[in-house]
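Since the structure comes first, as structure tokens, the remarks are kept for the end.
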Amino acid sequence: SNTIRLWDVETLNHYMFSTDINMLNNNNCNNSKMNAIGVIGGNGYTICSGADDNIRIWDIETAKQLNVFKKYCTRVNSVKYGSNELANTILSGLNDKIVRLWDIRSGQQIQVFNGHKSWVFAVECSPLVIKNIDEVVGGNSNVICSGSSDNTIRFWDIRSNKNELCMIKDMRKKMMEYVVLNLLN
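Offset between the sequence shown (1-based) and our numbering: plus 762.
This is how it looks when you write it as structure tokens:
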């Protein structure tokens with residue numbers, strides 16, 4: 763309880779470290795609870811978001827906050843470290859229906875992806891690369907995707923001025939309550 767643990771999936775042992783997140787919560791400005799967490803590469807850093815609407819980067823071994831993205835957005839439901847071409851970026855999914863791409867080094871928002879009609883609950887970097895409209899290949903990603911309670915999963919090309927590539931819609935009336943995106947290479 764109240765612990766962040768990294769696990770080795772082959773041995774099922776704790777991987778490197780675990781820490782009591784109360785230390786992290788006590789360091790955040792409103793002592794709010796965290797609602798999303800992600801690991802940044804293999805360097806021992808995590809990204810967290812809480813009910814105070816901020817995104818924070820932590821060194822998990824020292825429990826020190828390295829950077830904070832302050833009050834740029836509404837509640838953050840999902841955070842994900844960018845991969846490959848998206849290195850040094852964070853994706854966030856928000857209650858304001860927007861997917862945002864942030865630069866880790868500057869703490870600035872660099873792109874906004876609009877299109878969802880309800881809260882964005884999941885964001886992910888896709889292993890797909892769009893070379894042109896007719897060619898999709900694997901490799902260094904320039905595609906992100908987002909899942910929302912509007913019953914859609916949307917794919918975006920980060921190079922195309924925030925244009926939506928495609929959308930998958932669940933036609934059932936019931937809202938998707940939990941959205942998890944996991945794209946395999």
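Where is the CB? At the ideal position from N, CA and C, for every residue including glycine.
Taking the DSSP output, what are the residues bridged to residue i?
| i | result |
| --- | --- |
| residue 820 | 808, 827 |
| residue 931 | 914 |
| residue 919 | 905 |
| residue 772 | According to DSSP, which records beta bridges pairwise, residue 772 is partnered with nothing at all. |
Among residues of its own chain, excluding the 5 on either side of residue i, which ones have a beta-carbon nearer than 8 angstroms to its beta-carbon?
| i | result |
| --- | --- |
| residue 929 | 877, 914, 915, 916, 917 |
Expressed to the nearest angstrom, what Euclidean distance is found between the alpha-carbon atoms of residue i and residue j?
| i | j | result |
| --- | --- | --- |
| residue 843 | residue 933 | 30 angstroms |
| residue 858 | residue 823 | 33 angstroms |
| residue 819 | residue 864 | 12 angstroms |
| residue 838 | residue 922 | 25 angstroms |
| residue 883 | residue 910 | 5 angstroms |
| residue 871 | residue 931 | 28 angstroms |
| residue 927 | residue 919 | 6 angstroms |
| residue 908 | residue 860 | 9 angstroms |
| residue 808 | residue 821 | 7 angstroms |
| residue 827 | residue 867 | 14 angstroms |
| residue 830 | residue 852 | 12 angstroms |
| residue 880 | residue 912 | 5 angstroms |
| residue 887 | residue 773 | 27 angstroms |
| residue 875 | residue 850 | 18 angstroms |
Taking 7 angstroms as the limit between beta carbons, can you name the residues of its chain near residue i, skipping five residues before and five after?
| i | result |
| --- | --- |
| residue 832 | 816 |
| residue 869 | 829, 831 |
Enumerate in chain order the residues of its own chain whose CB-to-CB distance from residue i is below 6 angstroms, with the five nearest sequence positions on each side excluded.
| i | result |
| --- | --- |
| residue 862 | 854, 871, 874 |
### Length-filtered (3 minimum) beta strand (DSSP E) runs lying within the stretch 836 to 879
838 to 843, 851 to 856, 861 to 865, 871 to 875
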